[in-house]
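Asker: If you want our numbering, it's the position in the sequence shown, counting the first as 1, plus 3.
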Amino acid sequence: MNRGIERERWATRIGLILAMAGNAVGLGNFLRFPVQAAENGGGAFMIPYIIAFLIIGIPLMWIEWAIGRYGGTQGHGTTPAIFYLLWKNRLSKVVGVFGLWIPLVVIIYYVYIESWTLGFAIKFLLGLVPTLPADGSDPNTYLKPFETFLRSYVGSGEDFITPSVYAYFVFIVTILINILILSRGVSKGIEAFAKVAMPTLFILAVILVVRVFLLDTGVGNALQGLSFLWKPDLSKLTDPGVWIAASGQIFFTLSLGFGAIITYASYVRKDQDITLSGLTAASLNETAEVVLGGSLAIPAAVAFFGVANAVAIAQSGAFNLGFISLPAIFANMPAGTFLGFMWFFLLFFAGLTSSIALMQPLIAFFEDEFGLSRQNSVYITAGVVFFSAHLVIFLNRSLDEMDFWAGTIGVVFFGLLEMVLFMWIFGGQKAWEEMNRGGIIRIPKVYYYVMRYITPVFLLLLLGAWGKEYMPKILSESHWTVWVTRFYLIGLFLFLTLLVFIAERRNPKEVQCE
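Written as structure tokens, this is what we have:
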């Protein structure tokens with residue numbers, strides 16, 4: 004840390020809440036959630052989803068806010084140093100490296116996908132979209148032009164991928180936009196952008212939802228899509244896969260285990276409320292996901308293709324739903340190119356609010372532990388992301404491999420470590436007092452026991468179930484592109500670990516905090 008440099012703080016409470024909500028509201032709210040719901044029985048998915056929100060999402064969210072604020076009051080914004088404050092053991096710093104590694108790995112592929120949304124938004128705005136067949140009765144035939152459109156944009160290949168020059172150019176532009184926002188700092192950059200982006204995002208989503216609900220093709224309507232999402236099939240509750248999917252979605256949607264909440268919370272003042280603020284940010288995210296995200300993709304697909312075909316489309320993946328089916332549906336409407344632009348601009352804003360949050364942990368690490376300036380920290384972080392993203396851009400299978408180890412298994416594993424470290428090693432009573440300090444509302448006492456006993460057990464079961472279901476398939480992958488990606492991920496972790504101990508040897512100086 005840098006003596007004499009006061010850490011930044013959020014300028015306003017509403018700015019903090021919108022920034023935290025923006026961190027959580029991302030592509031997953033509008034793409035991943037509808038797919039998970041459709042694949043897991045629609046309404047049957049919502050019951051375990053709500054339960055997981057209450058016993059995983061809310062407890063872990065409060066814990067991450069508390070850990071971050073606790074570290075920030077002592078001049079640290081990232082988990083290697085904060086975990087050492089909680090547990091005076093050098094192993095805690097190695098464990099804390101996951102809080103740098105996970106967001107870095109996720110942003111490597113996330114920012115590239117984010118750039119697709121900007122690229123497609125520009126294409127729609129300029130009217131440079133495929134011509135659709137007149138007959139939409141066969142979804143496969145009808146969607147073929149947009150499938151070809153996406154493939155020509157991102158490229159394809161068995162080993163190497165060759166994206167379009169336009170796609171690569173828009174990727175560079177997306178990196179530069181992230182740099183522009185982040186280089187302005189926490190309050191003047193991230194917070195100021197969130198105050199504009201979040202209301203804009205919600206307005207765009209509401210307009211699109213209204214348009215979808217006015218859609219009646221004779222095949223189906225949006226209300227049938229809502230009925231599918233909210234009519235529970237109770238027999239599905241005995242399927243462990245539904246519970247696993249719902250719990251995983253909660254991690255993804257609330258940005259739990261990514262390290263970003265902890266870093267954002269480190270800019271909260273010592274006695275500033277985190278209980279109500281955290282709950283408000285989580286509620287805004289759930290509104291975006293369940294109310295808006297749940298009212299867009301699936302209802303639109305049902306209205307245009309019918310329930311059976313909509314489910315089949317959703318089961319083909321989030322990319323197919325978001326980048327092929329939805330734009331094809333919008334393109335068929337009056338003013339369709341503008342609606343398509345609104346859809347992708349909505350996704351771009353959702354992605355951008357998340358990508359700046361995912362870059363912030365490494366930026367804060369360079370600022371706090373090496374005393375680098377804000378601009379230099381941003382440039383170094385963006386440079387690492389830009390260089391590393393070329394694996395995803397040009398190497399097949401790299402994206403899926405990164406998403407599994409960091410964005411799927413990694414976040415749950417790290418969430419479990421956070422919970423054990425804070426509620427058991429640091430001490431349950433101390434942790435409870437830290438969470439409630441300065442709170443506008445007091446967390447119900449039942450959550451003390453949920454955090455100490457129920458949530459950790461639930462996370463262990465989730466890790467075990469995922470390991471049993473996915474690990475054999477993942478480990479059986481032997482393609483050389485997979486191994487290149489794995490070695491790169493291991494190298495990144497070792498490099499970050501080295502940086503952590505270099506920072507320790509430098510004896511970083513105290514930061515003066517408010």
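All C-beta atoms, glycine included, are put in the ideal place defined by N, C-alpha and C.
#1: Can you give me the Cβ contacts of F498 inside the same chain, cut-off strictly under 8 Å, excluding the 5 residues immediately before and after it?
#2: Answer yes or no: do W246 and P447 have a C-beta to C-beta separation smaller than 8 Å?
#3: Using CA coordinates, which residue listed in I54, T241 and L185 is at the minimum distance from V381?
#4: Please identify the residue among L462, M426 and L463 whose C-alpha is closest to the C-alpha of Y452.
#5: Counting Cβ pairs closer than 8 Å, one from the stretch 115-131 and one from the stretch 346-356, do we hit at least three?
#6: Taking 8 Å as the cut-off, decide whether the C-beta atoms of P166 and V157 are in contact.
#7: Beta-carbon separation of D242 and G46 under 8 Å?
#8: Between the alpha carbons of Y113 and T356, how many angstroms are there, rounded?
#9: Can you look up E513 in the DSSP assignment and give me helix, strand or coil?
#10: Can you tell me which of A506, T500 and R508 puts its alpha carbon nearest to the alpha carbon of V97?
#11: Where does S286 land, buried or exposed, given buried means 16+ other C-beta within 10 angstroms?
#12: Count Cβ pairs between the stretch 21-38 and the stretch 286-302 that sit closer than 8 Å; are there 3 or more?
#13: Hey, quick one: how far does the alpha helix (DSSP H) through W408 stretch, first residue to last?
#14: If you measure between the beta carbons of V212 and L295, is that distance less than 8 Å?
#15: What is the DSSP secondary structure of R508, counted as helix, strand or coil?
#16: Taking all protein chains shown into account, do 16 or more other C-beta atoms lie within 10 angstroms of the C-beta of R445, making it buried, or fewer, making it exposed?
#17: Just confirm the distance between the C-beta atoms of P459 and V423, as a whole number of angstroms; I'd bet it's less than 8 Å.
#18: Within 8 Å, do at least three Cβ pairs link the stretch 182-202 to the stretch 324-339?
#19: By DSSP, does N224 sit in helix, in strand, or in coil?
#20: Which same chain residues end up closer than 6 Å to I253 when comparing Cβ atoms and leaving out the 5 residues on each side of it in sequence?
#21: Less than 8 Å separating the beta-carbons of G297 and L34?
#22: With a threshold of 7 Å on Cβ separation, who are the neighbours of L361 within its own chain once the five nearest residues in sequence on each side are excluded?
#23: Looking at the strands, I want to know which residues DSSP matches up with E421.
#24: Rank M454, L466 and S258 by C-alpha distance to the C-alpha of A353 and give the top, closest one.
#25: Beta carbon of Y267, beta carbon of M23: below 8 Å?
#26: Which residues bound the alpha helix (DSSP H) around I301?
#27: What ranges does the alpha helix (DSSP H) occupy inside the stretch 436-509, keeping only unbroken runs of at least 4 residues that lie completely in it?
#28: Find out if the Cβ-Cβ distance for the pair L146, I327 is shorter than 8 Å.
#29: Quick check: the Cα distance between S376 and I477, rounded to an integer number of angstroms?
#30: For W68, report the span of its alpha helix (DSSP H) as first-last.
#31: Quick one: Cα of F127 to Cα of A331, how far?
#32: Jot down the residue ranges of each uninterrupted alpha helix (DSSP H) in the stretch 149-217, minimum 4 residues, whole runs only, in chain order.
#33: Relative to the alpha-carbon of S479, which residue among K239, E404, S358 and I443 has its alpha-carbon at the smallest distance?
#34: Applying the 10 Å Cβ sphere with the 16-neighbour rule, what's the burial state of I299?
#35: Buried or exposed, going by whether 16 or more other CB atoms sit within 10 Å of the CB of P202?
#36: Can you check whether the CB of A14 is closer than 8 Å to the CB of E194?
Answerer: In short, the structure shows the following:
#1: Taking the first residue of the sequence shown as position 1, residue 498 is located at position 495. Excluding positions up to five away in sequence, the list is empty.
#2: Taking the first residue of the sequence shown as 1, we reach residue 246 at position 243. Taking the first residue of the sequence shown as 1, we reach residue 447 at position 444. No.
#3: Here residue 381 is taken as the residue at index 378 of the sequence shown, counted from 1. Taking only the C-alpha atoms, the option nearest V381 is L185.
#4: Start at 1 with the first residue of the sequence shown, and residue 452 comes out as number 449. Considering only alpha carbons, the answer is M426.
#5: yes
#6: Taking the first residue of the sequence shown as 1, we reach residue 166 at position 163. Taking the first residue of the sequence shown as 1, we reach residue 157 at position 154. Yes; because the gap between Cβ atoms is below 8 Å, this pair is in contact.
#7: For the purposes of this step, residue 242 is taken as residue 239 along the sequence shown, with counting starting at 1. For the purposes of this step, residue 46 is taken as residue 43 along the sequence shown, with counting starting at 1. It is not a contact, given that the beta carbons lie outside the stated cut-off.
#8: Residue numbering aside, residue 113 sits at position 110 when the sequence shown is read from its first letter. Residue numbering aside, residue 356 sits at position 353 when the sequence shown is read from its first letter. Near 12 Å, if we compare the C-alpha coordinates of T356 and Y113.
#9: Position 510 of the sequence shown, counted from the start, is the residue given in the question as residue 513. Bear in mind that the predicted position of E513 carries a pLDDT of just 42, short of 50, making it unreliable; the figure below should be weighed with that in mind. E513 falls in the coil class under three-state DSSP.
#10: Taking the first residue of the sequence shown as 1, we reach residue 97 at position 94. Comparing Cα positions, the closest option is T500.
#11: Stepping through the sequence shown from its first residue, residue 286 is reached at position 283. Classification for S286: exposed.
#12: yes
#13: The sequence position of residue 408 within the sequence shown is 405, counting from 1. It is not in any alpha helix (DSSP H) - W408 carries neither H nor E in the DSSP assignment.
#14: Walking along the sequence shown from the start, residue 212 turns up at place 209. Walking along the sequence shown from the start, residue 295 turns up at place 292. Their beta carbons are under 8 Å apart, which means V212 touches L295 by this criterion.
#15: Counting from 1 along the sequence shown, the entry for residue 508 is found at position 505. In the structure shown, R508 sits in a helix (DSSP, three-state: H, G or I).
#16: What you label residue 445 is simply residue 442 of the sequence shown in a count that begins at 1. So R445 counts as exposed.
#17: For this step, residue 459 is matched to residue 456 along the sequence shown. For this step, residue 423 is matched to residue 420 along the sequence shown. Confirmed, about 6 Å.
#18: no
#19: Position 221 of the sequence shown holds residue 224. Note: N224 maps to strand in three-state DSSP.
#20: The count along the sequence shown starts at 1 and reaches residue 253 at position 250. Cβ neighbours of I253 beyond the five flanking positions: A55, F56, I59 and G60.
#21: Your numbering for residue 297 matches position 294 in the sequence shown. Your numbering for residue 34 matches position 31 in the sequence shown. In this structure, L34 does not lie closer than 8 Å to G297 by Cβ.
#22: If you number the sequence shown from 1, residue 361 lands on position 358. These residues qualify, in order along the chain: P106, V109, I110, Y113, F261 and A263.
#23: For the purposes of this step, residue 421 is taken as the residue at position 418 of the sequence shown. According to DSSP, which records beta bridges pairwise, E421 is partnered with nothing at all.
#24: Here residue 353 corresponds to residue number 350 of the sequence shown, with the count starting at 1. Comparing Cα positions, the closest option is S258.
#25: Within the sequence shown, the letter at position 264 stands for residue 267. Within the sequence shown, the letter at position 20 stands for residue 23. For Y267 and M23, yes; Cβs fall inside 8 Å.
#26: On the sequence shown, residue 301 is found 298 positions in, with the first residue counted as 1. Per DSSP, I301 belongs to the alpha helix (DSSP H) from A300 to F308.
#27: 449-452, 458-479 and 483-508
#28: As a first step, residue 146 is located in the sequence shown; it is residue number 143 there, counting from the start. As a first step, residue 327 is located in the sequence shown; it is residue number 324 there, counting from the start. Closer than 8 Å, so yes.
#29: The sequence position of residue 376 within the sequence shown is 373, counting from 1. The sequence position of residue 477 within the sequence shown is 474, counting from 1. Taking the straight line joining both Cα atoms gives about 40 Å.
#30: Translated into the one-based positions of the sequence shown, residue 68 becomes position 65. W68 -> alpha helix (DSSP H) spans I61 to G75.
#31: To locate residue 127, count along the sequence shown from 1; it is residue 124. To locate residue 331, count along the sequence shown from 1; it is residue 328. Near 11 Å, if we compare the C-alpha coordinates of A331 and F127.
#32: 168-185 and 195-216
#33: As a first step, residue 479 is located in the sequence shown; it is residue number 476 there, counting from the start. The candidate whose alpha carbon is nearest that of S479 is E404.
#34: The residue you call residue 299 lines up with position 296 of the sequence shown. Looking at the sequence shown, residue 299 is not Ile but Leu. L299 is buried by the Cβ-count criterion.
#35: On the sequence shown, residue 202 is found 199 positions in, with the first residue counted as 1. Classification for P202: exposed.
#36: Indexing the sequence shown from 1 puts residue 194 at position 191. Indexing the sequence shown from 1 puts residue 14 at position 11. Yes. Within cutoff.
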